[in-house]
Every structure is written in C-alpha cells, then in structure tokens.
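*Asks:* Position one of the sequence shown corresponds to residue 49 (our numbering), numbered consecutively onward.
The beta-carbon is built from N, C-alpha and C at its ideal position, and this holds for glycine as well.
Everything numeric in this text was worked out from a predicted model, so none of it was measured.
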Amino acid sequence: MPGNIRSPPVTLIKTMNESKPKEIGEVAGCLVDKEREFLLDYASRLYTGGGEIVDLGCFLGSSTYALAAGLDDNSQVTDKDKRIHAYDRFEWNPWMDRPAERYTLARTYQENECFADEFERQMGDKIRFIKTVKGDLTKLTWQSEKAIEYLFIDSMKDWQLCNCIIPGYYPAMTPGVSYLHHQDFVFFHTYWIHLTMYRMRDYFESVDHNFMGPSKVFRYLKQLPNELMNARYSIDQFSVDEINAAFEYSIDVVRPRGHSQIVGAKILALLEKQEAELANELLERAATTHPDLTENPVFQKSVSNLQNKKRQVA
Ligand SMILES: C[S@@+](CC[C@H](N)C(=O)[O-])C[C@H]1O[C@@H](n2cnc3c(N)ncnc32)[C@H](O)[C@@H]1O
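Structure follows, in structure tokens:
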C-alpha cells in the first residue's frame, strides 16, 4: 500500500513560468515547451517527496529532464536521489529519427538498437535523480512499496498498453495527493484514454491548466475500486451512449484549442466500434468545423485503416 504522504498544497497548478529556463528546451525528446515548463513547475513547487515520480515512456528524456530540473530546485524535498523512475524499452524505431533530428545526439541509431546510453547522456548531472528502467511496459509493473505521487504517461499507445499500465501503476497512486498526467489525452489516436478516464471520472479531478499540446493533467481524488483498475478494457465494453458521454466529458476538460483532437478520437472510437454511419456523420461535420483535423494526413490514414479493418471483418 502507498505509504505516508503529507497533504499537498491546495493550489491547483495554474500558473506557468513564461520565461522558459533554456536548458529544459534543449533536451532531446517530443514534448512541447509548455509541457516541459509544467513538469518543471510541478516538480519544483508541488512535489512533496512523499511518493515517487514515474515517467512511463521517457524516450530521450525531455519529460524526465524537466521533472529532474524541477526536483533539483525543490526546497521542500531533501531526499532526491533516484526519485524519478524513467521507463522505456529504449529500442530505436524509425519514427524516432524525426523528433531526434532537431537535437544533437552523440550518434545515430539503427532500428531496434538500444538508446539508453543517449537517454542517460541527455540527463547530464540530473541523472542522480533518475532511476532508468529498461523494459516492455506490457510486462512490467510497479514493484515498489512506495507510492507514486506523479504518474506521467506517454506510452499508452494501444489497448494492450492501456490494460497493462492501469493495473500496473494506478494502484500505487494516493488519493488526494497524486497526479495523473496523460501526455496523449489531446490526441486523436489514443481514444482508449478518453474511454477509461470517463469510467474513472468520479475518482479524478481535472486540473485547470493552460493548453499544453497533447497533455492533460488530473488530480487523483479518491480511491479507485479494484474492479476499475483490474478490468480488461476494449471497445466492446463501451456502448455508443457511453462513447458520446465520454467525449463530452473530454471536451469539457480540454481547452478549445484541443477540441479537434477530441473529435478525432471520437471518430476513431466509433469506427472501431463499427458505427460507420455515426462516424461518417461526425467526419462530415468535422470537415467544416475542424479542417485542421480532417486535412491531417495522419488522421486520414488512421480513419482509412479502421475503415479497411471493418471491411475485412465483414
Ligand atoms: C512519444 S515517446 C515519449 C516521449 C517522451 N516522453 C519525451 O519526453 O520526449 C513514447 C515512448 O514510449 C516508449 N514505448 C512505447 N511502447 C512501449 C512499451 N511497450 N514498453 C516500453 N516503452 C514503450 C517508446 O520507446 C518511446 O520512447
């Protein structure tokens, strides 16, 4: 069971430091500046040290470094060594070439090559705050008795990872104290995050933070029942009514700039649900209201993949 944790400050994370410390922006990775600033701000100001910080899917470390820089500045936490647990397979994939090319890496990597050395190099002297965990998140779970005070997730990329990360890490969070940061919430691809967060909506509170790309942060309010943490989620378990309600909830908790991504996630969820007519209606409306979504070739590819999958099943 999660251990003794002091109560957190009551202020919600709302303010952002407009002047970005230069160094966090220089670390290789996928996060936008606002996300890095938010993590730095949280770790320096709100992290109590009563539990651990967990970064699931750290890649080259833009998330990890921002957390570590914040922890470095945190005056209320004295025991800082290895408090940030950074998980990744650390196996290079061709899609990584693109985000990596904006930064200076010691060398290039071939497909499947381990890049943990570059992650640790990017961390520089902040590595003392970080425990690097190499492995597949479909096989790993949180193995510590310690609580997770901040759970940053940038790896819930499919239903399988969703069904491994929820039971593997959520039980270690502490109600009233922990935060859950979904880096892929404001992103059309990862609709399972919306559906599962809707199921768990009574146990979390949306943190009212500024728009920061795909990220959405929740505060964990009260103990999640085991049935919700240990369920095997799939699209079959969500009715059309629940899908509608889930995405209304997501729209409510996300700033308008992110709404097109939420609409996209709903279209993909309906397509996986084989509700082609409903998905097409929404797609037609979105062509007028959210052309940034419907003209995005990556979204178009996701739509046609799901449409083709349906045809193969039929
Ligand atoms: C979008 S990147 C994360 C970006 C990172 N948070 C940053 O700050 O730049 C997603 C990461 O998740 C990792 N990942 C995806 N599936 C995984 C799995 N099954 N096990 C472990 N790591 C995984 C990938 O290796 C990749 O580094």
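So which of Leu-243, Glu-253, Arg-169, Leu-276 has the shortest CA-CA distance to Gly-216?
*Replies:* Taking only the C-alpha atoms, the option nearest Gly-216 is Leu-276.
*Asks:* According to DSSP, which residues form a beta bridge with Cys-162?
*Replies:* BP columns for Cys-162 point to Glu-139.
*Asks:* Taking only heavy atoms of ligand 1 into account, decide whether any of them is closer than 7 Å to the Cβ of Thr-186.
*Replies:* Correct: Thr-186 has its Cβ closer than 7 Å to ligand 1.
*Asks:* Taking 7 Å as the cut-off, does the CB of Leu-153 come closer than this to any heavy atom belonging to ligand 1?
*Replies:* Result no, Cβ not under 7 Å from ligand 1.
*Asks:* Using a Cβ-Cβ cutoff of less than 7 Å, which residues in the same chain neighbour Val-346 once the five nearest sequence positions on both sides are dropped?
*Replies:* Around Val-346: no qualifying Cβ.
*Asks:* CB of Gln-231 to nearest heavy atom of ligand 1: below 7 Å?
*Replies:* Checking every heavy atom of ligand 1 against the Cβ of Gln-231, one is found closer than 7 Å.
*Asks:* Can you say whether Pro-262 is buried or exposed, counting buried as having 16 or more other CB atoms within 10 angstroms of its CB?
*Replies:* Label assigned to Pro-262: buried.
*Asks:* When you measure from the CB of Gly-77 to every non-hydrogen atom of ligand 1, does any distance come out below 7 Å?
*Replies:* The answer is yes for Gly-77.
*Asks:* Compare the Cα-Cα distances from Ile-299 to each of Asp-289, Lys-314, Val-288 and report the closest residue.
*Replies:* Checked all of Asp-289, Lys-314, Val-288; the closest Cα to Ile-299 is Lys-314.
*Asks:* Thr-336: buried (16+ other C-beta within 10 angstroms of its C-beta) or exposed?
*Replies:* Thr-336 should be labelled exposed.
*Asks:* For Phe-425, collect the residues of the same chain with a Cβ closer than 6 Å to its Cβ; drop the 5 residues on either side in sequence, then sort them by chain order.
*Replies:* As shown, the chain starts at 49 and ends at 362. That puts residue 425 outside it, with no answer to give.
*Asks:* Alpha carbon to alpha carbon, what distance is there between Leu-228 and Arg-305?
*Replies:* For Arg-305 and Leu-228, the distance between alpha carbons rounds to 21 Å.
*Asks:* Grab the span of the alpha helix (DSSP H) containing Asp-120 for me, first residue to last.
*Replies:* It spans 110-121 - the alpha helix (DSSP H) in which Asp-120 sits, taken as one unbroken run.
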